[in-house]
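Since the structure comes first, as structure tokens, the remarks are kept for the end.
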Ligand SMILES: NC(=O)c1ccc[n+]([C@@H]2O[C@H](COP(=O)([O-])OP(=O)(O)OC[C@H]3O[C@@H](n4cnc5c(N)ncnc54)[C@H](OP(=O)(O)O)[C@@H]3O)[C@@H](O)[C@H]2O)c1
């Protein structure tokens, strides 16, 4: 499928995987709606894409976890910018590494409201138009954490298990329509993800990837582009993508480790 004249809405476009998706989809000729909370970052990205690929894009600086903010902001867009062909539900985050009983109520809310409810809000906003126009594609960012829990990650895992259920359920709800649904489940990707997890502590974030080669945001954007460019009768339902150095959520091979990092 050709992405020229297609409109792609990317949540979490201000960093990491979302930024990389913006770059690759712009390079492929798509127009973009760029969504995240940090407006300045989105404006810099918009300018970069204009200069590199002459991309037409629109910045929607909003918080997907606040339905009362993002819904009216989306509905106020000119109709042309609401006619989303591909929705990349990528905005998401993890907070902390506490055991389940010690995670603050505020962090629980942030993860559930962003990763589950925010994704659902964007799906609700985009699918009716896709159905009317008779084409569309939803690409949800899950995680290896949506396939297995791990210590210190139980609430994040629960949100990503939910994303998996929402992707599977959406595909079933849309059966008989031309709308496609893809779930991409990455292992470790070096982005701002761990910096956010550790409240801005860059040193702690770096340690997560010590002695191993993580995935890059581009690797995941490439997978999203692959799914989006298959012929219309092909639905890539799930992509589970791990670094070669990772076998499970907490099984990582680290160079120089006495145990080979099998912990
Ligand atoms: N990195 C990994 O190892 C990994 C592995 C598996 C899955 N994932 C998933 O991949 C997705 C992207 O993560 P990433 O690795 O690219 O992390 P990242 O670099 O931290 O990017 C996260 C993006 O989400 C946006 N975001 C967060 N909360 C938001 C909100 N309430 N409203 C709007 N945008 C919001 C952030 O923008 P603002 O702060 O500007 O709002 C940012 O653009 C997430 O769903 C994550 O769970 C990541």
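Numbering (this note's numbering), first residue to last: -14 to 248. Backbone N, C-alpha and C define an ideal beta-carbon position, used for all residues, glycine too. Just so you know, these numbers come straight off a predicted model, no measurement behind them.
Practice prompt. Kindly list the residues whose CB is nearer than 6 Å to the CB of residue 69, restricted to its own chain and excluding five residues on each side of it in sequence; keep chain order.
Written response: Taking C-beta separations shorter than 6 Å and ignoring five residues to either side along the sequence, the partners of residue 69 in its chain run -8, -6 and 111, following chain order.
Practice prompt. Can you grab the Cα-Cα spacing for the pair residue 227 / residue 196, in whole Å?
Written response: Those two C-alpha atoms are separated by around 16 Å.
Worksheet item: Count the other CB atoms within 10 Å of the CB of residue 185; is the residue buried (16 or more) or exposed (fewer)?
Response: Exposed, by the Cβ-count rule.
Practice prompt. Starting from residue 170, follow the alpha helix (DSSP H) in both directions and report where the run begins and ends.
Written response: That residue, residue 170, is in no alpha helix (DSSP H); its beta strand (DSSP E) goes 165 to 171.
Worksheet item: Straight-line CA distance for residue 144 to residue 15?
Response: Their Cα atoms are separated by approximately 30 Å.
Worksheet item: When you compare only the Cα positions, how much space is there between residue 238 and residue 7?
Response: Residue 7 has its alpha-carbon roughly 31 Å from the corresponding atom of residue 238.
Discussion item. Here's the rule: buried if 16 or more other CB atoms are within 10 angstroms of the residue's CB, otherwise exposed. What is residue 29?
Written reply: Looking at its Cβ environment, which holds fewer than 16 other Cβ atoms inside 10 Å, residue 29 is exposed.
Item to complete: Please classify residue 248: does DSSP put it in a helix, a strand, or coil?
Response: Any reading at residue 248 must be qualified, since the residue scores a pLDDT of 45, below 50, and its modelled position is unreliable; the value itself is stated next. Residue 248 falls in the coil class under three-state DSSP.
Worksheet item: Run through DSSP, which three-state label would residue 208 get?
Response: DSSP places residue 208 in helix when its eight states are reduced to three.
Worksheet item: Where residue 135 and residue 33 are concerned, what is the direct C-alpha to C-alpha distance, given to the nearest angstrom?
Response: Using only the alpha carbons, I get a separation of about 38 Å.
Worksheet item: Counting pairs of Cβ atoms below 8 Å between the segment 111 to 124 and the segment 154 to 164, do you hit three or more?
Response: Taking a contact to require three or more Cβ pairs closer than 8 Å, the segment 111 to 124 and the segment 154 to 164 qualify as touching.
Discussion item. Could you tell me the alpha carbon to alpha carbon distance between residue 103 and residue 80, rounded to whole angstroms?
Written reply: The alpha-carbon atoms of residue 103 and residue 80 are separated by roughly 16 Å.
Worksheet item: Thinking C-beta only, is residue -3 closer than 7 Å to residue 75?
Response: Yes. Within cutoff.
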